[in-house]
Amino acid sequence: MQRKWKHATLSATAILLLAACGTAGEADQPEEDTQMVQEEEANQNGDAVEETETEDGQPAEDEESPEESDSAEEPAEDEESAEESSPGEQAEQRGPERELTYQAGGEQQAAQAKLTESDVMDFSLYVLDGYQLTSEEPNKDVLYWNEDEQVFMRIEVFGTDADYAMLTEQMIGSLEFDGGEAKDVSAEYSLAEADGIEELVLRQLENGEGLTTGAVFKKDGMTVRLTVFDKPEADQTDALLSMGATIGQK
């Protein structure tokens, strides 16, 4: 009987020891799992730091600082401003006055001219003191010399679709209507050297009454025909043509 009781006591003790070991093992397991999770998170954070920093602790090359971003944008703005102010893209400056130079009386002259608009046509030009711009008839203006109204320049302005060859033929034909041959005088007047003048044809015929000069050219999106009536003693042809060279859009 004592032997059976001793055996039962040993069995119970063994069961209790096994249960205690199992409980201790289960208690230790969460601590090991927690430690492994913490180590994995630390390794991940370390990898993230290494990706964004170089060996010397400076930001990686693919990151821009605010100062570098601002400095990169400034040149683009400067280039845009330079393009907007490029002289080649600016329209002709037409202020209220402009100095004109011309030949008169065998001498070089210089005087201020005022910007004047046509009353009926879509153009303006600079007019010297002593001259007057008026409308003669539809599509024709006249620039008179106040000292002698027989000295003047007729102005006709057409669109870009005008028949340039026909206008040139008509101009030469009107000069030679009463006979004679109109000569090329492009090298004798400053009109040929004026800014913006294209495809200039300049002819002149001298007769008993004086000099008649005709010009056809393109400028500022217009086709222009000028006819100057002058007298040798007045010598106003170059002055009139110089004013005609300033014709532009209103």
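Residues -26 to -1, 1 to 224 in mature numbering (1 follows the signal peptide of the UniProt record, and there is no 0) are what the sequence shown spells out, letter by letter. Here a beta-carbon is modelled for each residue, glycine too, at the ideal position from N, C-alpha and C.
Could you compute how far the alpha carbon of residue i sits from the alpha carbon of residue j?
i           : j      : result
Gly80       : Leu174 : 24 Å
Leu99       : Glu155 : 30 Å
Val101      : Thr108 : 12 Å
Asp115      : Gly69  : 22 Å
Gln67       : Gln223 : 12 Å
Asn120      : Ala136 : 32 Å
residue 226 : Met95  : As shown, the chain starts at -26 and ends at 224. That puts residue 226 outside it, with no answer to give.
Gly104      : Arg72  : 15 Å
Pro61       : Glu150 : Note on Pro61: pLDDT 37, under 50, position unreliable in the model; the coordinate value appears next. So the alpha carbons of these two residues sit roughly 43 Å apart.
Gly170      : Asp194 : 7 Å
Ser92       : Phe132 : 14 Å
Met217      : Ser148 : 22 Å
Glu110      : Leu141 : 19 Å
Asn113      : Thr201 : 14 Å
Thr90       : Lys192 : 20 Å
Identify which residue in the options has its Cα closest to the Cα of residue i.
i           : options                           : result
residue 225 : Asp93, Phe151 and Tyr163          : No answer is possible for residue 225: it lies beyond the span of the chain, which begins at -26 and ends at 224.
Ile221      : Gln144, Gly154, Glu130 and Glu123 : Glu130
Arg199      : Gln106, Gly184, Ile146 and Pro206 : Ile146
Glu207      : Met127, Leu185, Gly133 and Gln67  : Leu185
Leu214      : Lys224, Gly195, Thr187 and Met140 : Thr187
Asp122      : Glu111, Met95 and Gln106          : Gln106
Glu183      : Glu143, Pro112, Leu149 and Lys205 : Lys205
Asp158      : Glu111, Ala136, Val190 and Asp93  : Val190
Tyr118      : Asp169, Glu111, Glu110 and Met127 : Met127
Glu172      : Asn113, Lys88, Tyr138 and Glu110  : Tyr138
Asp152      : Met140, Leu89 and Asn181          : Asn181
Check the C-beta distance from residue i over to residue j and give it rounded, since I have them as a contact under 8 Å.
i      : j      : result
Ala166 : Leu176 : 7 Å
Gln83  : Thr75  : 7 Å
Thr134 : Thr211 : In fact, because the Cβ distance is near 27 Å, the residues do not count as touching under 8 Å.
Gln124 : Phe203 : 7 Å
Ala219 : Ala168 : 4 Å
(message) Threshold first: 4 residues or longer. Then list the alpha helix (DSSP H) segments lying entirely within the region 61 to 142, N to C.
(response) Correct list: empty.
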